[in-house]
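Peer 1: With mature numbering (1 follows the signal peptide of the UniProt record, and there is no 0) applied, the sequence shown covers -23 to -1, 1 to 381. Let me give you the structure first, and then I'll get to my questions.
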Amino acid sequence: MAFTRWTLAIISLGLLVADPASGACTFNLDTSSPTYPSHLVDSSDQIVQPTLQNGVRTITLAANQLVTVACEGSGNALTATGVQFNSGKCASSGTSLQVGTQNLGYGSLGCNSVVKETIKETGTCSSTGTKIEIGWQVSTTFINQITICHVESNDNTLYAIDTIYGANVAADDKQNERPSFRKGNYYTGVDVDTAYSQDGQLITVSEIVGSSSLGAQYIDVSQSYYFARGHLAPDADFIDAGSQDATYYYINAAPQWQSFNNGNWKALETGTRNLAISRNIDLVIYTGTYEVLTLANVNGVQKPIYLAQDTNNNNVIPVPKYYWKVVHDPATNKATAFIGINNPHLSSVSGADVFCSDVCSQIGWMSWTNRFDIPKGYMFCCTAAALHNVVPHAPNLGSIGLLV
């Protein structure tokens, strides 16, 4: 939509305005958001997300556009009506959303509490995994946000799938406070919070390697050598606060050394979002784990690292040896796979560790300060097919071209 100078001036004041040329409604989310914003769901069953207009986060509805004003979650409701799911229309005046007999500005489209996601199991995946979807139940319609493949027997997530929307991701809510990670209905009999705590990691790793002093060399907070709750589908891939909060489940995480998490992996996540923004494209993102990290014990024997045991003394929450991410552009049907080695304690990386022909030099949109920096996560790149040939649970996209 083309904004006139008059329209933009009023938007800058934080008002809901109509473009006189189109009758559209534009909401300024930076100045007029309610405490607990509702979701506006369009006729295609998609949550309407903001775009960044002259540095302002705005939601634009077409003249007379119909939406569902949704306050997802048990017992939740739109404060103005007391009803959970409401029909709304961009009012003909262009200054409000018509909900029933009321004309409501965006600041009045708040819920009684924060919108709440739904988690449901929808089948199987890989050979032993449970397919889990995190999304939004809007009346009888479920809107998917993240698809996860989780192996319940050892509390291991193989992959997560999400979509980055290039037209919207730059308008993400950067003021949202991060919630704590939650177990949901998973990790039965496992104290996941303690397992991920730095004290818990030190105890566990020391027991595995047979020495508290050696364990302290591995878990060294001063060097960022401890396991972060590594998001698979990261919160910053999503725009509104409710959708960001919905990523904070342990099934959407795996143990990742903090030096890697905040190093080359963070650079990859940021570079991927920047690609979507710069080319204004939607990207389907597959993020997963592969194999189990080993560390040498006091006798020099490599031991697999798990963060906990369940009530039957089975090892659970394995630390991945590799993290991988496939960035797929469905419009051109091209993709690139990125792989990072999750072990800052390696003295060197061998040819066997890099299990495909490295094509990173061909990927012009992604760069790192030093992708071979082992503590920050040694990175290499593959075709999607080459990754799938080694990692069976990675997506099988066929022999498609590189996303360069």
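All C-beta atoms, glycine included, are put in the ideal place defined by N, C-alpha and C. Because the structure is a prediction, the values reported are computed rather than measured.
Report, in whole angstroms, the separation of the C-beta atoms of residue 186 and residue 192, which I expect to be a contact under 8 Å.
Peer 2: To locate residue 186, count along the sequence shown from 1; it is residue 209. To locate residue 192, count along the sequence shown from 1; it is residue 215. 6 Å between Cβ atoms; contact.
Peer 1: For residue 336, which residues from the same chain have a beta carbon less than 6 Å from its beta carbon, with the 5 sequence-adjacent residues on both sides left out?
Peer 2: Looking up residue 336 in the sequence shown gives position 359. So the list reads 358, once near-sequence residues are dropped.
Peer 1: Quick check: the Cα distance between residue 327 and residue 360, rounded to an integer number of angstroms?
Peer 2: Residue mapping note: residue 327 aligns to position 350 of the sequence shown, counting from 1. Residue mapping note: residue 360 aligns to position 383 of the sequence shown, counting from 1. Roughly 20 Å between the two C-alpha positions.
Peer 1: Give the range of the beta strand (DSSP E) segment to which residue 100 is assigned.
Peer 2: Within the sequence shown, numbered from 1, the residue matching residue 100 stands at position 123. Counting along the chain, the beta strand (DSSP E) containing residue 100 begins and ends at 95 to 102.
Peer 1: Between residue 288 and the rest of its own chain, which residues show a CB-CB distance below 6 Å, the 5 nearest in sequence each way excluded?
Peer 2: Reading the sequence shown from its first residue, position 311 is the one you call residue 288. Result list for residue 288: 166, in chain order.
Peer 1: Among 339, 77, 102 and 92, which residue has its Cα nearest to the Cα of residue 65?
Peer 2: Working through the sequence shown from its first residue, we reach residue 65 at position 88. When only C-alpha atoms are compared, the closest one is 77.
Peer 1: Pop quiz: residue 275 and residue 296 are said to be a contact at Cβ under 8 Å. What is the actual Cβ separation, rounded to whole angstroms?
Peer 2: Translated into positions along the sequence shown, residue 275 becomes position 298. Translated into positions along the sequence shown, residue 296 becomes position 319. Contact flag wrong, Cβ pair sits at about 19 Å.
Peer 1: Can you tell me the Cα-Cα spacing of residue 121 and residue 141, whole angstroms?
Peer 2: In the sequence shown, counting from the first residue as 1, residue 121 sits at position 144. In the sequence shown, counting from the first residue as 1, residue 141 sits at position 164. About 13 Å.
Peer 1: Excluding five sequence neighbours on each side, which residues of the same chain lie with their C-beta closer than 6 Å to the C-beta of residue 215?
Peer 2: Start at 1 with the first residue of the sequence shown, and residue 215 comes out as number 238. Counting only Cβ-Cβ distances below 6 Å, and skipping sequence neighbours, we find 221.
Peer 1: From the DSSP output, which residues share a beta bridge with residue 259?
Peer 2: Taking the sequence shown and counting its residues from 1, one reaches residue 259 at position 282. Paired residues: 142.
Peer 1: Any chance the stretch 87 to 98 sits against the stretch 48 to 57, with 3 or more Cβ pairs inside 8 Å?
Peer 2: Short answer: they touch.
Peer 1: Using 10 angstroms around the beta-carbon of residue 100, count the other beta-carbons present and answer buried if the total reaches 16, otherwise exposed.
Peer 2: On the sequence shown, position 123 is the one that residue 100 refers to. Per the 10 Å Cβ criterion, exposed.
Peer 1: Are the stretch 188 to 205 and the stretch 137 to 155 touching by the rule of at least three beta carbon pairs closer than 8 Å?
Peer 2: At 8 Å Cβ cutoff, the stretches do not touch.
Peer 1: To the nearest whole angstrom, what separates the beta carbons of residue 239 and residue 199, a pair I think is in contact under 8 Å?
Peer 2: As a first step, residue 239 is located in the sequence shown; it is residue number 262 there, counting from the start. As a first step, residue 199 is located in the sequence shown; it is residue number 222 there, counting from the start. The Cβ separation is near 14 Å, so there is no contact.
Peer 1: Can you give the Cα-Cα distance for residue 144 and residue 265, rounded to whole angstroms?
Peer 2: In the sequence shown, counting from the first residue as 1, residue 144 sits at position 167. In the sequence shown, counting from the first residue as 1, residue 265 sits at position 288. So the alpha carbons of these two residues sit roughly 25 Å apart.
Peer 1: Do you know how far the Cα of residue -1 is from the Cα of residue 306?
Peer 2: Here residue 306 refers to the residue found at position 329 of the sequence shown. Here residue -1 refers to the residue found at position 23 of the sequence shown. One C-alpha to the other measures close to 34 Å.
Peer 1: With DSSP as the reference, label residue 206 as helix, strand or coil.
Peer 2: Walking along the sequence shown from the start, residue 206 turns up at place 229. Three-state DSSP puts residue 206 in a strand.
Peer 1: Below 8 Å CB to CB, which residues in the same chain sit around residue 109 once its five sequence neighbours on both sides are set aside?
Peer 2: Taking the sequence shown and counting its residues from 1, the one referred to as residue 109 is at position 132. Cβ within range, chain order: 96, 97, 98, 99, 124, 125, 126, 127 and 228.
Peer 1: With DSSP as the reference, label residue 154 as helix, strand or coil.
Peer 2: Translated into the one-based positions of the sequence shown, residue 154 becomes position 177. Looking at residue 154 - three-state DSSP - the assignment turns out to be coil, as it is neither helix nor strand.
Peer 1: Does DSSP put residue 64 in a helix, a strand or coil?
Peer 2: Indexing the sequence shown from 1 puts residue 64 at position 87. Residue 64 falls in the strand class under three-state DSSP.
Peer 1: Less than 8 Å between the CB atoms is what I'm expecting for residue 353 and residue 237, so what's the real figure, rounded?
Peer 2: Translated into the one-based positions of the sequence shown, residue 353 becomes position 376. Translated into the one-based positions of the sequence shown, residue 237 becomes position 260. Between residue 237 and residue 353 the Cβ distance is about 6 Å, and since that is below 8 Å, they are a contact.
Peer 1: When we look at the beta-carbon of residue 32 and count the other beta-carbons within 10 Å, is it buried (16 or more) or exposed?
Peer 2: Here residue 32 corresponds to residue number 55 of the sequence shown, with the count starting at 1. So residue 32 ends up on the exposed side.
Peer 1: Could you tell me which uninterrupted alpha helix (DSSP H) segments, each at least 4 residues in length, are contained entirely in the stretch 6 to 89, listed from first to last along the chain?
Peer 2: Here the runs fully enclosed are 6 to 9.
Peer 1: Using the DSSP secondary-structure output, state which residues sit across from residue 269 in a beta bridge.
Peer 2: Mapped onto the sequence shown, residue 269 falls at position 292. In DSSP, residue 269 forms a bridge with 297.
Peer 1: Whose C-alpha, out of 180, 94, 245 and 161, is nearest the C-alpha of residue 344?
Peer 2: As a working note, residue 344 is residue 367 in the sequence shown. Nearest C-alpha to residue 344: 245.
Peer 1: Which whole-angstrom value is the C-beta distance of residue 283 and residue 233, which I expect to be below 8 Å?
Peer 2: The residue you call residue 283 lines up with position 306 of the sequence shown. The residue you call residue 233 lines up with position 256 of the sequence shown. About 14 Å separates the two Cβ atoms, so there is no contact after all.
Peer 1: Give the straight-line distance between the Cα atoms of residue 293 and residue 346, rounded to the nearest whole angstrom.
Peer 2: The residue given as residue 293 occupies position 316 in the sequence shown. The residue given as residue 346 occupies position 369 in the sequence shown. C-alpha separation (whole angstroms): 34 Å.
Peer 1: Thinking C-beta only, is residue 267 closer than 8 Å to residue 243?
Peer 2: For the purposes of this step, residue 243 is taken as residue 266 along the sequence shown, with counting starting at 1. For the purposes of this step, residue 267 is taken as residue 290 along the sequence shown, with counting starting at 1. Cβ distance not < 8 Å, so residue 243 and residue 267 don't count as in contact.
Peer 1: Helix, strand or coil for residue 366, going by three-state DSSP, please let me know.
Peer 2: On the sequence shown, residue 366 is found 389 positions in, with the first residue counted as 1. Here residue 366 sits in helix by DSSP.
Peer 1: Just the C-alpha distance for residue 116 and residue 94, rounded to the nearest angstrom, thanks.
Peer 2: Position 139 of the sequence shown, counted from the first residue, corresponds to residue 116. Position 117 of the sequence shown, counted from the first residue, corresponds to residue 94. Their backbone Cα atoms lie some 13 Å apart in a straight line.
Peer 1: For residue 376, which residues in the same chain have their Cβ closer than 7 Å to its Cβ, ignoring the five residues on either side in sequence?
Peer 2: Numbered from 1 along the sequence shown, position 399 holds the residue referred to as residue 376. Excluding residues within five positions, the ones whose Cβ falls inside 7 Å are 362.
Peer 1: Give me the residue from 159, 251 and 197 with the minimum Cα distance to residue 206.
Peer 2: Your numbering for residue 206 matches position 229 in the sequence shown. Cα-wise, what sits closest to residue 206 is 159.
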